[in-house]
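Trainee: Just so it is clear: in the sequence shown, position 63 is 76 by our numbering, and no numbers are missing.
For each residue, glycine too, the CB sits at the ideal point set by N, CA and C.
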Amino acid sequence: MDFKEKYEICQQVKEAVQLRDYANAHDIEFCREMAELHGCYSVKGENENLLEFLASIFHYGRIQGIRQERARRKEGQQLCSKK
Numbered sequence: 014m015d016f017k018e019k020y021e022i023c024q025q026v027k028e029a030v031q032l033r034d035y036a037n038a039h040d041i042e043f044c045r046e047m048a049e050l051h052g053c054y055s056v057k058g059e060n061e062n063l064l065e066f067l068a069s070i071f072h073y074g075r076i077q078g079i080r081q082e083r084a085r086r087k088e089g090q091q092l093c094s095k096k
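Structure representation (structure tokens):
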């Protein structure tokens, strides 16, 4: 992995950590249910930390999906305008 790739990953991690602040009670409960379903638990016994971690990933995935959909739509609009 080169420096550019490592830097991009670090930026994505920072963004994901910031997104956990937007987790509401529904998101946390969703993460709690998913963790229980898969038998996940915090090694240190603090499930709050685990749930914040899962909420960060949950929101990051959601945002990435929104970005991909926007890019797909934008690409489609550009193709239509070229016709």
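Rounded to the nearest angstrom, what separates cysteine 53 and alanine 68 at their Cα positions?
Mentor: Taking the sequence shown and counting its residues from 1, the one referred to as residue 53 is at position 40. Taking the sequence shown and counting its residues from 1, the one referred to as residue 68 is at position 55. Each residue's Cα considered, the two are about 14 Å apart.
Trainee: Tell me whether cysteine 53 sits in a helix, a strand or coil according to DSSP, three-state version.
Mentor: Counted from its first residue, the sequence shown places residue 53 at position 40. Looking at cysteine 53 - three-state DSSP - the assignment turns out to be coil, as it is neither helix nor strand.
Trainee: 8 Å is my cut-off, CB to CB: does alanine 36 come that close to chain C?
Mentor: The question asks about chain C, but that chain is absent: this structure has only one protein chain.
Trainee: Go ahead and label cysteine 23 buried or exposed: buried means 16 or more other beta carbons lie within 10 angstroms of its beta carbon, across all protein chains shown.
Mentor: Position 10 of the sequence shown, counting from 1, holds the residue named residue 23. With fewer than 16 other Cβ atoms within 10 Å, it is exposed.
Trainee: Give the secondary structure of aspartate 40 by DSSP, where H, G and I count as helix, E and B as strand, and everything else as coil.
Mentor: Taking the first residue of the sequence shown as position 1, residue 40 is located at position 27. Reduced to three states, the DSSP call for aspartate 40 is helix.
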